[in-house]
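Worksheet: one structure, shown below.
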Amino acid sequence: MQHFKNLADMHRHNGFPMPEHPLFSIHRCTHNCSIGDREFTSDFYMIGFKKLKSGVIMYGRTKYDHDNGSMMFIKPRQVIEFKSVEYEEDAFIMFIHEDFLHGHFLHTEMNKYAFFDYEANEALHLSPSEEQIMWDLYYKIEAEYLNNTDEYSRDIILTHVDSILKYSQRFYKRQFINRTQLSGKTVSKFNDALAAYFANGLLVTQGLPTVHAMASQLNLSSRYLSDMLKQETGKTAIDLIHIYLVNEAKNRLKSDDQRVSEIAYELGFENLPYFSRLFKKETGLSPNQFKKGLIN
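Residue 183 in my numbering sits at position 162 of the sequence shown, and the numbers go up by one each step.
See below:
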C-alpha cells in the first residue's frame, strides 16, 4: 500500500499542480478528480466536499457512493481509495500535513472532532445553504493560499479551517436529529443490542460489552454511535453501557440470593473493586449497602 509522507509526492503522483506550501494545499476538482488508483495512506488530514455522480470512495471499513453534496473528513494514516470517481459539480479537497498544525490550537482540537473517526457511510450531508457556507470558507482559504505567504498566512488559513470544522459539528447535530426522526431512536436500538448481548450469553464468551461491539451490531462506527446517543440522551455509549450493567446488577441484588462477588462475576466483571466503584458512582451506594437496604 502506498503511503504519502509529503504533499509534493501526493500532488506529483496525481498530476496536480505542485503545492504552494509544503505542508498545506488545496485542489479543486472539476467533475472528475483522481487521487490515487489504489488504497493509500498519508501523513495529512484531508477535508473534502463532493457531490458524487459515479464511482466509489472507500475509507474506514465502508464505501461512500451517495449522490448528495457531502463532506468527508480523513485523518492521517487512515486507509482511503478513490475508484473511477466523477462528480456532479465542482468539488474541493484540502490537505493539511500534521506538521502544519504544530504550535497552533488546532493541533489538539483536531482530536476532539469525532467525525474524523466516522465511516464513509456516515459522511456529512449538506443542505444547499450549508453547501454555500462551506464554499464561501473554501474561497477564503483559496484566496489566502494563492496569495504571497507572510507571517499571517498560516493563522488565517487555519482560522477558516477551524470555522469549517465548527460548522461541520453544527451540521452533524442537525443530521443526527433528522436521522433520529427518520429511523427511530438510536438509544432503543442500542438497548436492544445490549439485551441481545446478555441473552445470547456473550458475557461469558466475550466479557463486558464494549462500545465497539455495540457499534458493530448497529453497523455504525464507535464515535458516530456515541455522538448520536449523546445527542439523543445526553450520555455517551459507555455511559449507557454502565447504566445498563448497574440496572442489571440492581435487579439481581433484589431477586438473587447471591453474594455481590458472584453477581459481579456473572455480569462480566473480573475486578470486584471496579464493579463496586461503578455501582456506587451510578447509585450513590456500594453493592453491599444497596443489598442491606433491601433486607432492612
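Every residue, glycine too, gets a C-beta built ideally from N, C-alpha and C.
Which stretch, first to last residue, makes up the alpha helix (DSSP H) that contains R244?
In the DSSP assignment, R244 falls within the unbroken alpha helix (DSSP H) covering 243–254.
Just reading off the beta strand (DSSP E) that A112 is part of, what are its end residues?
First-last of the beta strand (DSSP E) with A112: 112–118.
Which residues mark the beginning and the end of the alpha helix (DSSP H) in which H233 is found?
For H233, the enclosing alpha helix (DSSP H) stretches over residues 232–238.
Alpha-carbon spacing of K194 relative to Y286, whole angstroms
Taking the straight line from one Cα to the other gives about 38 angstroms.
Unbroken beta strand (DSSP E) run spanning H24, endpoints:
Here the beta strand (DSSP E) through H24 covers 23–25.
Can you tell me the Cα-Cα spacing of L299 and L261, whole angstroms?
Distance between the alpha carbons of L299 and L261 is about 12 angstroms.
Which of helix, strand or coil does DSSP assign to L145?
L145: strand per DSSP, three-state reduction.
Using the C-alpha atoms, what's the distance from V232 back to H34?
Those two C-alpha atoms are separated by around 38 angstroms.
Within 10 Å of its beta-carbon, does K302 have 16 or more other beta-carbons around it, so buried, or fewer, so exposed?
When all chains shown are included, K302 counts as exposed.
Report yes or no: do three or more beta-carbon pairs, one from the stretch 168–183 and one from the stretch 271–281, lie closer than 8 angstroms?
The stretch 168–183 is not in contact with the stretch 271–281.
Less than 8 angstroms between C-beta atoms, sequence neighbours within five positions excluded: which residues of the same chain meet that for A29?
For A29, same chain residues with a beta-carbon under 8 angstroms away, outside a window of 5 residues either side, are M39, P40, P43 in chain order.
Who pairs with M92 in a beta bridge, going by DSSP?
Assignment of beta-bridge partners to M92 by DSSP yields F70, L145.
Compare the beta carbon distance of D64 and E119 with 8 angstroms and say whether it is the shorter of the two.
Yes, these two residues count as a Cβ contact at 8 angstroms.
Could you say if the stretch 113–132 and the stretch 175–191 meet the contact criterion of at least three C-beta pairs nearer than 8 angstroms?
Yes, the stretch 113–132 touches the stretch 175–191.
Ordered along the chain, which non-local residues of its own chain (more than five positions away) have a Cβ less than 8 angstroms from that of Y134?
Non-local C-beta neighbours of Y134 in its own chain, meaning closer than 8 angstroms and more than five positions away in sequence, comprise F94, L186, S189, Q190, ordered along the chain.
With the cut-off set at 8 angstroms, would you say L224 and L288 are in Cβ contact?
Yes, Cβ-Cβ distance for L224 and L288 is below 8 angstroms.
Starting from T62 and walking both ways along the beta strand (DSSP E), at which residues does that stretch end?
In the DSSP assignment, T62 falls within the unbroken beta strand (DSSP E) covering 61–63.
E163 and I47 look like a contact to me (Cβ under 8 angstroms); what is the Cβ gap, rounded to whole Å?
I47 and E163 do touch by the CB rule: their CB atoms are close to 6 angstroms apart, below 8 angstroms.
Applying the 10 Å Cβ sphere with the 16-neighbour rule, what's the burial state of R244?
R244 comes out buried.
Proximal residues to Q252 (C-beta, below 8 angstroms), its chain only, five neighbours per side dropped
The answer, listed in chain order, is K194, F197, I198, T201.
Give the DSSP-derived three-state secondary structure of T170 in the structure shown.
In the three-state reduction of the DSSP assignment, T170 falls in the coil class, being assigned neither a helical nor a strand state.
I264 versus F290: straight-line alpha-carbon distance, rounded
Each residue's alpha carbon lies about 14 angstroms from the other.
Buried versus exposed call for P230 [16 or more other C-beta atoms within 10 Å across all chains shown]
The residue in question, P230, is buried, as its Cβ has 16 or more Cβ neighbours within 10 Å.
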